[in-house]
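Asker:
In our numbering, the protein residues as written are 12 to 488.
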């Protein structure tokens, strides 16, 4: 529905209270305009509201028509349990993989799956590739960032397909799109120990794990078949995104080392304060040494995750623990072999036990800068026109959200220069101050801003989408 450019409005529920966001030329007619708008929606064009809601629910219901027990996500790809697969000889496992010269494939009794190509590149290499591509003038120079934020997200939320990483990777509109995936420093998920296997991802259920489960053949490939350092797979030797980064080895900085993909810190209980380990110049010196994993053109085999099995109401299912949902839930089946995406694996420091307020804050912030720069550059040099970002390190790893926003602000010139359509996905809400800062960053970068917030509004679903730049858009279907 068209709304005049002088009226920019968003209505929603947030932080437990009603909010009304209105921008128009004369504030004195606010109540009249709002009343008129409600009448227009609910009376003059009831079919629009009905259609928007119906399409959303129809989409959600369609997921139940083609799902599988997610605990079988490995078996449905390789035709056996991962435990049995791991006991096969290396030579026999190698028989599952073949290449056509450009891309690799996993061939099993269940079918043939595209696992693309996997490379580990440091930020300097990506800078060089970026510069070479720029010399060819292959850039629209009009890239922009939008934000999609879920509020009060539950498994029964109709809008989960807007913020669930698996659903986004499975969306046919996102073929060829790049996705930032939070991993450990070895491009694996969960505990990071290869001996734990890929099946272990079911027991962590963060968005990084869900991205890998959604593209399960590629996850299997990175664990068992990725070629690096002259070896195959990650059992004899693991990938290490920080292998060229000098880590502190004593004193009040403690001792840092990477073990099973985690950056661990050993210390005697006394650590220096932030700002003492790395200056701004030292951060900039280390960023080019950090690596990211680029897994191009991988096949997506499942979409929206953790749907309730038959016999569960939405209310009952929402009350279950996340672990129970993961082990008993269902995932949407994706059976289009051409549904392929590029996954860019980046890692943050785990501060859950170490906490913040120490000199290791410096390292954590440097790694976030590298993660976001590496992601944007890798997506661009891979030829992707669209990129999805996430809040890497902002969950159980306990990196501060304002640090992550700092890193996003740092790459805004790159986003603009790339010509890419970049979307930051926030699964379940941020503080209003973060929203306001993101908005300011987008405006300062001269990209305008589009900020969608999705959630259920007392059972009434409405759409406000002015389709213009430079103001706050709130979407409540």
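Where is the CB? At the ideal position from N, CA and C, for every residue including glycine.
1. Run through DSSP, which three-state label would residue 429 get?
2. Could you tell me the distance, in whole angstroms, from the CA atom of residue 270 to the CA atom of residue 409?
3. Measure the Cβ-Cβ separation of residue 352 and residue 116 and say whether it is below 8 Å.
4. Pick out whichever of 113, 145 and 165 has its Cα sitting closest to the Cα of residue 316.
5. For the candidate residues 438, 371, 338 and 359, whose alpha-carbon lies nearest to that of residue 272?
6. Whole-angstrom Cβ separation of residue 226 and residue 308, contact assumed at under 8 Å?
7. Kindly indicate which three-state DSSP category residue 248 falls into: helix, strand or coil?
8. Could you tell me the boundaries of the alpha helix (DSSP H) in which residue 101 lies?
9. Along the chain, where does the beta strand (DSSP E) that runs through residue 133 open and close?
10. Going along the chain, which residues of its own chain have a beta-carbon closer than 8 Å to the beta-carbon of residue 369, five neighbours each way excluded?
11. Please report the straight-line C-alpha distance between residue 139 and residue 244, rounded to a whole angstrom.
12. State the start and end residues of the unbroken alpha helix (DSSP H) segment that holds residue 180.
13. With three or more C-beta pairs closer than 8 Å as the rule, is the segment 252-271 touching the segment 108-127?
14. What did DSSP end up calling residue 193 once you bin it into helix, strand or coil?
15. Where do the N-terminal and C-terminal ends of the alpha helix (DSSP H) with residue 117 fall, by residue?
16. Would you tell me roughly how many angstroms separate the C-alpha atoms of residue 350 and residue 133, rounded to the nearest one?
17. So, under 8 Å CB-CB, residue 200 and residue 215 are touching, yes? Tell me the CB distance rounded to an integer number of Å.
18. Between residue 423 and residue 381, which are expected to be in contact by the criterion C-beta below 8 Å, what is the C-beta distance as a whole number of angstroms?
19. Since residue 337 and residue 213 are thought to touch, with beta carbons under 8 Å apart, how far apart are those beta carbons, to the nearest angstrom?
20. What residue from 441, 333, 228 and 396 has the CA that sits closest to residue 431's CA?
21. Should the segment 218-237 be called in touch with the segment 168-187, which here means at least 3 C-beta pairs below 8 Å?
22. Out of curiosity, what's the CA-to-CA distance linking residue 327 and residue 159?
23. To the nearest angstrom, report how far apart residue 428 and residue 454 are at their CA atoms.
24. With a 10 Å radius around its C-beta and 16 neighbouring C-beta atoms as the bar for buried, classify residue 137 as buried or exposed.
25. Return the bridge partner residues of residue 79 from the DSSP annotation.
Answerer: Taking the geometry as given:
1. helix
2. 19 Å
3. no
4. 165
5. 359
6. Their Cβ separation, rounded to whole angstroms, is 10 Å, which puts residue 226 and residue 308 out of contact at 8 Å.
7. coil
8. 101-105
9. 122-133
10. 282, 283, 284 and 285
11. 28 Å
12. 176-181
13. no
14. strand
15. Residue 117 -> not in any alpha helix (DSSP H); beta strand (DSSP E) instead, spanning 115-119.
16. 28 Å
17. 7 Å
18. Not a contact, Cβ separation roughly 16 Å.
19. 5 Å
20. 396
21. yes
22. 27 Å
23. 15 Å
24. buried
25. 342
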